[in-house]
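Notes for the one structure printed next.
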Amino acid sequence: MEIDLKKIADLESSRDYARVIQVLHSMLEQSQEAPIRLRLAMMLLKTGQIDSALEHFQLCSQGDESNHIVTLNYGHTLKAKGESQQAAEKYIQLAHMDDDKISAIGYWSLANLKSYEFQPEDISDIARRLKNEATPPGYRGLLLLGLAEAKDQQGNTDAAFTALQQGNNIIAQHRPFRGDLYQQLIQALMRNFKPSKRTGSSDQDTPVFIIGMPRSGSTLVEQILANHSQVESTDELLFLGDISIELENKGSYAKGLSNLSSNKANAYANEYLTKTAIYRHAPSPYFIDKNPNNFLHIGLIKTLFPQAKIINIVRDPLDNGVSVFRQFFSEGHEYSYAFEGIIFYWQGYIALMQYWQNLFPDSIYNMSYERLAKEPHISIQSLLDYCQLDSEPACFTPETSSRPVLTPSATQVRKPISVSAIGSGLKYKNHLKVHLPKLALLRKKTEEIFALYQ
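Note that the sequence shown covers residues 508 to 961 in the numbering used here.
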């Protein structure tokens, strides 16, 4: 049986994932072909249905153990479930394959586990593969980022930063950051957006948006809240971005948003809720959307969901910037491959957040990662109070959660809250001397604007 690729691709492009899964299930009933099962397994992983995804990946791997797409996503599913050792075994299979492109993916996936300890033979193998000039640039970039993690583990920060710089420079050449477009978007929102007078429905579930910079502690905040009996987590959803693009294509995102009719706003809100339903597996009145880029869409959030909770998690710019610089993003975040881009992006973030806070002074909860790490009980209680949630013991031990985690922090958030990540960027400060004054200014402005330590 042939897969109707166009039909599935159209459904996926519209992010109608529930329908995609329904179609694939129906096709699988008619035919047990491996490509259908693999496509279904990947979609189940994407929507957080981890146990079902694992079953299908296991069946796929029995049919073709050499299929690197199966092995990679099988590993990702195990990682999301918290089985980091088993995930590492899958990634090691990829790293040891003859094809340098597949090996590069394997080594970066091991680095991205944040728990795998690189061995001397790993480093030697990466170095050998880097000598192969036939390896496409993007994959060389991944090998270098993997090497950087290995060197960092050895305490060789000079070699680690050199590899980071080289890897990010290569990736940046193929994924350039359009800072001009980012700046234009922020300026247009600050110039043209007008708040809506729309009120939310009292019987509508309450979205909780966790926003900020990537690698700022947002997954930890998500784990804390998702441990509450009234809260369910989803993923870093792209649905608000899709609405913004639709409005921009009609002329102007900011102006179109300001001129939304009540009927159209209701339609967008219902569309968002319909598309998020596939990620929700329990009837909870609160659910989390953890896309950090949603700081761009607070005006849209307040228009569609006036009752929404918005949590802005903020981390020290040096620590956060280094963590972002060490991270490869499979899509988006093109600013992250150069420190100049990270600083530029952060400047836009705090400028727009200051604007949103002036418009919606009581709607945004600013949270310090450092205070959360140092004073977890006080910070968590304050967070629950903002969300109007009763205190529950499980929220204070987020490491005990068994829920799947689909972000790079999947391994880290399964450990007790600690101060170990505070100051983690300092070891690279000698390589960032030119950027330290701007990072210090960002920290000062961030603390002032978000009133983090008052």
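All C-beta atoms in this analysis are idealised placements derived from N, C-alpha and C, irrespective of residue type, glycine included.
Just so it is clear, the structure is predicted and the values come from calculations on it, not from any experiment.
### Query
Is methionine 604 helix, strand or coil by DSSP?
coil
### Candidates Lys952, Cys567, Thr810: closest to tyrosine 779 by CA position
Thr810
### Message
Do asparagine 619 and proline 915 have their beta-carbon atoms positioned less than 8 Å apart in this structure?
### Response
yes
### Message
For a quick check, are the C-beta atoms of isoleucine 820 and phenylalanine 867 less than 8 Å apart?
### Response
For the pair isoleucine 820 and phenylalanine 867, the CB atoms are not nearer than the 8 Å cut-off.
#### Entry: Spatial neighbours of isoleucine 808 in its chain, beta-carbon cut-off 8 Å, leaving aside the 5 residues before and after
Pro714, Phe716, Leu747, Asn801, Ala815, Ile817
### Query
For serine 769, which of Gln556, Phe668, Pro813 has the nearest alpha-carbon?
Pro813
### Task
Within its chain, find whatever has a CB closer than 7 Å to the CB of alanine 776; leave out the 5 residues flanking it on each side and keep chain order.
Leu811, Phe812
### Task
Name the residue from Leu585, Glu743, Lys771, Arg526 whose alpha carbon lies nearest to the alpha carbon of glutamate 838.
Glu743
### Query
With DSSP run on the structure shown, which of helix, strand or coil describes glycine 648?
helix
### Uninterrupted beta strand (DSSP E) stretches inside the region 869–915 (no shorter than 3 residues)
Every beta strand (DSSP E) of 3 residues or more that sits fully in the region 869–915 is shown, in chain order, as 871–875.
### Message
DSSP three-state label for phenylalanine 739, please.
### Response
At residue 739 the sequence reads glutamate, which differs from the phenylalanine that was named. Strand at glutamate 739.
### Message
So serine 736 and lysine 797 are supposed to be a Cβ contact under 8 Å. How far apart are they, rounded?
### Response
The pair is not a contact, with the Cβ atoms about 19 Å apart (cut-off 8 Å).
### Message
Using 8 Å as the cut-off, can you tell me whether the region 681–694 makes contact with the region 831–846, which would need three or more C-beta pairs spanning the two stretches below that distance?
### Response
yes
### Query
Cα separation between glutamine 961 and asparagine 873?
Low local confidence applies: a pLDDT of 49 at glutamine 961 is under 50, so the model's placement there is unreliable, with the coordinate-based value given in what follows. Rounded to the nearest angstrom, the two C-alpha atoms are 11 Å apart.
### Message
Runs of 4 residues minimum, wholly inside the region 784–841: which ones carry the alpha helix (DSSP H) assignment?
### Response
805–811, 824–832
### Message
Which residue wins for smallest C-alpha separation from phenylalanine 668, given the options Asp869, Leu745, Ile678, Ala655?
### Response
The residue with the shortest Cα to Cα distance from phenylalanine 668 is Ala655.
### Task
Give the straight-line distance between the Cα atoms of lysine 513 and isoleucine 750, rounded to the nearest whole angstrom.
23 Å
### Task
Return helix, strand or coil for alanine 525, following the three-state DSSP convention.
helix
#### Entry: Closest by C-alpha distance to aspartate 665, when choosing among Thr953, Lys952, Lys951, Leu939
Leu939
### Message
With a threshold of 6 Å on Cβ separation, who are the neighbours of glutamate 628 within its own chain once the five nearest residues in sequence on each side are excluded?
### Response
Once the five neighbours on either side are set aside, glutamate 628 has no close Cβ partner at all.
### Query
In whole angstroms, what is the alpha-carbon distance linking threonine 781 and isoleucine 528?
Roughly 15 Å between the two C-alpha positions.
### Separation of tyrosine 581 from isoleucine 929, as counted between CA atoms
32 Å
### Task
Quick one: using the 10 Å Cβ neighbour count with 16 as the cut-off for buried, is aspartate 511 buried or exposed?
exposed
### Task
Give me the Cβ distance between alanine 602 and leucine 649, rounded to the nearest whole Å; I'm assuming they're in contact under 8 Å.
With a Cβ gap of about 11 Å, alanine 602 and leucine 649 do not count as contacting.
### Task
Enumerate in chain order the residues of its own chain whose CB-to-CB distance from lysine 952 is below 7 Å, with the five nearest sequence positions on each side excluded.
Once the five neighbours on either side are set aside, the close Cβ partners of lysine 952 are Ile857.
#### Entry: Same chain only: Cβ atoms within 6 Å of leucine 551, ignoring 5 sequence neighbours per side
Ser559, Ala560
### Cutoff 7 Å; reference tyrosine 862; Cβ partners in own chain excluding five residues on either side
Met697
### In DSSP terms, what glutamate 716 is bridged to
Here residue 716 is phenylalanine; the residue named in the question, glutamate, does not match the sequence. Phenylalanine 716 is bridged to Asp796, Ile817.
### Task
Enumerate in chain order the residues of its own chain whose CB-to-CB distance from cysteine 567 is below 8 Å, with the five nearest sequence positions on each side excluded.
Ala541, Arg544, Leu545, Ala548, Asn574, Val577, Tyr581
### Message
Determine whether the beta carbon atoms of alanine 595 and leucine 617 lie at a separation below 8 Å.
### Response
yes
### Query
Out of curiosity, what's the CA-to-CA distance linking proline 824 and alanine 679?
Distance from the CA atom of proline 824 to the CA atom of alanine 679, rounded to whole angstroms, is 21 Å.
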